[in-house]
Amino acid sequence: MVSASQDAPDICAPVLHGPCACGSWKRHEPSLAGGLRLAASCPLLPAAYLPPFVPHSYQATDAELTNSIGDHAAARAPFQILIALTATPRFIFLGLQWLAHRYPPSSSFPSSRPLSAPLSSPSITSTHDTEHKRSLRSRSRLTVEKGEKGSDDELDSDVALDPPTNGTGRKKAPWSSGSVDVEACLGLARTIACGGWMFITSRDEHDLHDLAMIVYLVLDAPWMYLSWAHSTDPRAKKWRAMCAAAFFGCLPPLIYLFVQHNIKKVPGAYTYYAFFEWSLVMWDVAFDAGTVFEVGNFQIRVIDTSRPEIEDDKNGHASPVGIYLAPVPSRPIVEEDWTAKPSRPSPIPHPGIAAYLSDIWFGKLALFLLVANDSDGVVDRLHGRQRAALLLVRVVSGADGLRAGHHDQPHPVPLQQARVPRGGDVPLRCILEPHAATRTRGSPEAGQTGRMWAAGVVLCMLGKYLCYSNNPFWAIVNSDSGGWNKTGLLLSALSVAELYFRPNSLFAAPPTTAPGKRDDRRMGTTRAQRLAITFGLGAFMHLAQTFLSDSGTIIAWSWDGFPARAPLLHPWAGIVTALCALAIPLSLSIQRLLDPVVLAVPYLGAFCLYMFPNWVGFAGGVALMVWLIAAAPAFIRIASGVPPKTTGNAMAWNCFLDVASVFTVAYAFVPFGWVLRERTGFILLLLLVPLPFALRAGQALNLPDESRLAARSRKRLQTGAVYTRYLSIAIASAAIVAGIRLHAQSAEVTTPKPYYGDLNVFTGGIYTVHFGIDEPGRDSQRRIASLVKDMEVDVLGMLETDLHRFVYGNRDLTRYIAQELGYYVDLGPGPNKHTWGACLLSKYPIKNSTHHLLPSPHGELAPAIHATLDINGVDVDVIVSHNGQEEDALDRELQTKELARLLQLNPHRPTMFLGYLVTKLNAPAPWPYALLFNEQTRLSDIETLDKWRWCEYLGFRGLWRVAYARLHHGDVTDTELQVGKFILPLPNQTAEYRNDEEKYWHIGEMDIPPPWRLPSKFREDQGGHFYRVWDGPLYYRPPLDSGVLDYGRGGGHNEWPPRTDVQA
């Protein structure tokens, strides 16, 4: 017999051991399934080879965001499978909502029985079975006396009330049962209509698809009204009202944009229409999710009718034999300190040190992953070996990411994993890694967890410094790009083994007489305190993500060009790491952090870092980083001492800050992005202002002190403090040695040397590297360096290189290339300048460089670098720039005019332009081509016959251009590498072409000296790279009177100026 009951029994059936964990999420299943169906459309698009942007229906040059996944056979198959999977939960949910509204709980209207009446125990009798078959029992909610005024904490409890005198077993609802039946019919018809327009696509049967859609939308209005009117819970009513208002609020702009797209043929309207259409679906799913507030007390029973007898469990409670698919709220949770129980000694030598290192390995990036705070105490009741088994699942599930580099075929890796050191399994990590902080309830042992976390963060910082700004355990770094994936798996396996054999006494223990973590009122927190901790904790998390991920981040923020007026990466990144390591043992208390002098440190540091470049900004950044490390134990203590909901809200606030910080740069891609355009200062205020309020609220928590710790806990604190001091000294020493060593190596071993030595022949190139991630999703530093080395590029402009953001892992894309190949580097405008980045790498010394933010009234900020190189004693100007997109014509016009102004600052100096213009060849003004290549700037296009270019352009002035080539990008990036080879003019001579015929005089490869030639290996495919457009490079003959026709052929022709009295 299967029955749906509204009165929960006191205990679970004997066949279930312990509380059943499925009921709490079962009622969320339809909403989760609907949300999954909605969210899955984006990742399914690339999986089905459908681009997220499709050509405009009316203008072939425009591309717009597609929301028509169902129109494409490859994409809709898995999408429709997900839709089908939601059908059964959807129909079940309709039935549950009908039950909840037709037979509402007694708390929805006056009861004939006082709430203080004793509870009746459920039993199985013939009378009860008859009554249960005849009607549903009423539900009642007991409201707990609030511990403080304004608290909204409630305890749900099921009460079996005496049946009313009319024998129906329920109270009469304030609405008619017929209206509830109409509501159910509308919901059923609406669901069928939804399936109609989802499974019958517009390409299959357009009219039927539209008819189903119209029926669905028409039925939405009465369905939403009746669902709202019949709501039995005030939370459900409020939620449905909000979602319905948002749903119908999306309709007017949706209709307007549909008219703009379908009737007026306005380009771009369909993209905005897609956003509103998907928002409509989101609000629709969210509206239906309001039912979860009304079915929380339902319980599904599967009863064995062949065994009607009553059985007693070990606590003496009685229950029918069966399975209950719901948790039992009335059963108290008995917490026990299993860490005090005896256990076998560990066979591992020095178990205390092993446990310390294991906790650092597994918890180093657990940064407040307390959103799954184990509120039911399930993980807390697992002993060491049980937890080790679950952690083994964690390692195995993460192994896919770690071992991804060992496959022959590339495996796509999401960009978001750039900041995750090991594979996936985030849900398991959320539950398992912070178990110590959860159990310690804000005691000093939680502070010890914070010190171990800080040590892990600084170790990550040191590892990235030694591994070219990459964490070697990242999934995006495989063995070919410097990854230590196998080592990571081995260390994880050793840590799991240590956890399995760890004695109970080495686990963090709860404080004595600690308040129960399920009762928020006994935490001693008010709503204001919880809000303060939510915002402060989320802000601290984001600050740590931004500034503690890499020691070079604050150097990038403070860099302002050559001559160097700010610290260089070596040795100062090592010194920063050392200072952070020495700050670990400081472990400032909450009271100490609230000292006005100490509290002023992050504010002054952030102000200096944001407002001032060079050494002042760098010093402010160091102060901010040291404060964050020293404050980490206090914030982790606060996080472990508040209810799980508070830490979950802090995680949500952190996610909002993550997105907001990106919108300061990516504002042109999202609706209303202009609100946060270039407002990093505002984001810093959002991060810094909540910190003191969170600390004040944490001070009021009355967290346990050492007097409430067991003796073994105090001993663990003492030994942990000793280990932390030794570890911090070791990290600091290693960081300083690494900084000095790398500084010496960069000064002596890798001093930049041009590819052709003292010859006045050099190669310039422009390369858009797409944030250092190749198409399979791997780090591309080494692949970029290999291509640049093979092409013998002396001066390289790289675009889209600002990776010092948490979404890109806070990386320095120039590290490997500069250190291994030997280049002088100008990082370009830093992350605080709100661009996607541009940098300059040169084999020749950079005498001077200035950074520019080109005018961008509408689109994204365009970065530019104007540098002067010392090429064998001759000053040569180089401009690297990344102009705006095609949609922002005014931006590109103003940006190009600014570039033209920079070109005219030194009109007679040899100049090379390496830029991203977005223009057509020979396009008239106001297109960038005509504004840049003209008689006023005297800048020449490298090849006027190359009409297949669109973005990247090479230009030159006052130089003899002798070669030009374009290389296919392969799968390293999404844009090709363009290179040109140049010769300096003779002393006291200017390189001037008389006409275009002389400027573009092509000759064969065998007619030029070897130093003029570009590598011939790329005439064939080399790992996806090959010369494109032509079957090889183009070569040019300088004018006859240039004096360099035979320069580089050997003998006296290699002298400067070349001798003319010798033969080659």
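Residue numbers (full-length UniProt numbering): 1 to 1064. Quick reminder that beta carbons are idealized off the backbone N, C-alpha and C, glycines included. Predicted model, so just to flag it, every value in this text is computed and none were measured.
- When DSSP reads this structure, G765 sits in a beta bridge with L796 and V979.
- The C-beta distance from A650 to L537 rounds to 4 angstroms, short enough to fall under 8 angstroms.
- Per DSSP, the beta-bridge partners of Y1036 are H1002.
- For T191, the enclosing alpha helix (DSSP H) has its first and last residue at S177 to F199.
- Of the residues W627, R957 and V737, the one whose Cα lies closest to the Cα of P602 is W627.
- DSSP lists M912 and S940 as the bridge partner or partners of F956.
- In this structure, T191 sits near R90, with a CB-CB distance shorter than 8 angstroms.
- Per the C-alpha coordinates, the member of P855, L869, L905 and A867 positioned closest to D888 is P855.
- Beta-bridge partners assigned by DSSP to V874: I871.
- When the beta-carbon positions are compared, G739 and A556 stay at least 8 angstroms from each other.
- Straight-line measurement puts the Cα of L1014 at about 29 angstroms from the Cα of D812.
- The residues A668, G884, Q885, E887, D888 and D891, in chain order, have a CB closer than 8 angstroms to that of G859 in the same chain once the five nearest residues on each side in sequence are set aside.
- By the criterion of at least three beta-carbon pairs nearer than 8 angstroms, the segment 214-230 is in contact with the segment 184-198.
- Spanning the alpha carbons of T814 and L841 requires a straight line of approximately 8 angstroms.
- Secondary structure of Y603 (DSSP, three-state): helix.
- With three or more CB-CB distances shorter than 8 angstroms, the segment 794-805 counts as touching the segment 544-558.
- Here N848 carries a strand assignment [DSSP, helix/strand/coil].
- The C-beta separation of L853 from C839 comes to about 15 angstroms, leaving the pair out of contact by the 8 angstroms criterion.
- Nearest in C-alpha terms to W948, of all of R1028, A930 and V878, is R1028.
- Per DSSP, the beta bridge partners of Y1027 are L967.
- For A544, the closest C-alpha among the options A600, S481 and M461 is that of M461.
- A straight-line Cα-Cα distance of about 15 angstroms links P567 and A744.
- In this structure, N906 keeps its C-beta atom at 8 angstroms or more from the C-beta atom of N760.
- The continuous beta strand (DSSP E) containing Y824 extends over residues Y824 to D826.
- In this structure, P613 keeps its C-beta atom at 8 angstroms or more from the C-beta atom of D550.
- Taking a C-beta distance under 8 angstroms as the contact criterion, P845 and D870 qualify as a contact pair.
- Listed as beta-bridge partners of Q1022 by DSSP are H1025.
- Taking every protein chain shown into account, the CB of R527 has fewer than 16 other CB atoms within 10 angstroms, so this residue is exposed.
- Under the DSSP assignment, L821 falls outside any alpha helix (DSSP H); it carries neither an H nor an E label.
- CA-CA distance, A660 to T546, rounds to 13 angstroms.
- The three-state secondary structure of I263, taken from DSSP, is coil.
- One thing to note: G450 has its Cβ within 8 angstroms of the Cβ of I636.
- In the three-state reduction of the DSSP assignment, L853 falls in the strand class, which pools E and B.
- Approximately 6 angstroms separates the beta-carbon atoms of P987 and P1057; this is inside 8 angstroms, confirming the contact.
- Taking 8 angstroms as the cut-off, the beta carbon of G955 is found closer than this to the beta carbon of F913.
- If you ignore the 5 residues before and after S940, its C-beta comes within less than 7 angstroms of the C-beta of F933, G955, F956, R957 and K999, all in its own chain and listed in chain order.
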